[in-house]
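**Student:** Quick note, the sequence shown lines up with residues 4 to 155 if you use the working numbering.
One structure follows; several queries about it will come next.
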Amino acid sequence: MAPPLRPNAVAFISPQNHPILIRTFEKGDELKYHYVAHTSLDVIEERTNGPTKSNDCYLGLLYAMDDIAAYGYITPLKMKIVLALPLTDSVVRDAEMIMTFKALHLAYYHASSNPFIRLHDTPAGVGSAKWKRFRRKVDEISRAVGGGSVPS
């Protein structure tokens with residue numbers, strides 16, 4: 004049996020390429036994962052705007068650098084989700100990644116469907132207290148997938 008996925012970070016990026024939430028699960032590496040999220044946007048744009056457009060939301064491995072592998076997912080409404088995993092010798096199954104991305108997408112969908120939360124009007128954005136449940140759900144998904152510790 005393959006070892007469980009252990010996400011280092013997850014990023015939710017708006018259709019206008021603004022970061023909605025970048026949640027890191029490694030202490031002290033926040034800036035590194037902001038860089039991973041922003042560099043992933045170039046690869047996502049290249050794959051979605053190319054001559055062979057696919058209707059598949061899962062984009063697969065976007066790129067690998069140093070000790071990180073970045074995987075991508077784009078929703079039908081063009082919101083992007085980037086998941087950073089540690090680069091290991093173990094095989095990452097696409098089915099597991101698709102399930103993880105769908106769970107993250109569903110968590111965002113439920114959070115954004117709340118009629119009392121304004122998506123883009125709050126200056127703090129997802130960092131505000133109203134989005135606490137969404138951040139908690141992202142942490143739960145990370146724990147379920149990788150069994151690792153998650154910051155509070």
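Cβ atoms here follow ideal geometry from the backbone N, Cα and C, with glycine treated the same way.
Computed from a predicted structure; not experimentally measured.
What three-state label does DSSP hand R96 in the structure shown?
**Tutor:** Coil at R96, not helix or strand.
**Student:** What did DSSP end up calling R26 once you bin it into helix, strand or coil?
**Tutor:** It is a strand residue.
**Student:** Could you tell me whether the segment 75-86 touches the segment 10-25, where touching means 3 or more Cβ pairs closer than 8 Å?
**Tutor:** Counting Cβ pairs under 8 Å, three or more are found: they touch.
**Student:** Relative to the C-alpha of A98, which candidate in L24, N52, S115 and L62 has its C-alpha closest?
**Tutor:** Looking at the Cα atoms, L62 is the closest of the given residues.
**Student:** Please list the terminal residues of the continuous beta strand (DSSP E) segment that includes L86.
**Tutor:** K83 to P89 is the span of the beta strand (DSSP E), which, as asked, contains L86.
**Student:** In the DSSP assignment, find the beta strand (DSSP E) that holds F15 and state where it starts and stops.
**Tutor:** Looking at the DSSP string, the run of the beta strand (DSSP E) that includes F15 is A12 to I16.
**Student:** Do I23 and Y36 have their C-beta atoms closer together than 7 Å?
**Tutor:** No. Outside cutoff.
**Student:** Which value, in whole angstroms, describes the spacing of the CA atoms of V141 and A110?
**Tutor:** If I take the Cα positions, the gap works out to 7 Å.
**Student:** Beta strand (DSSP E) containing G75: first to last residue?
**Tutor:** Element bounds for G75: I71 to I77.
**Student:** Could you give the distance in angstroms between the alpha-carbon of A114 and the alpha-carbon of T78?
**Tutor:** Each residue's alpha carbon lies about 15 Å from the other.
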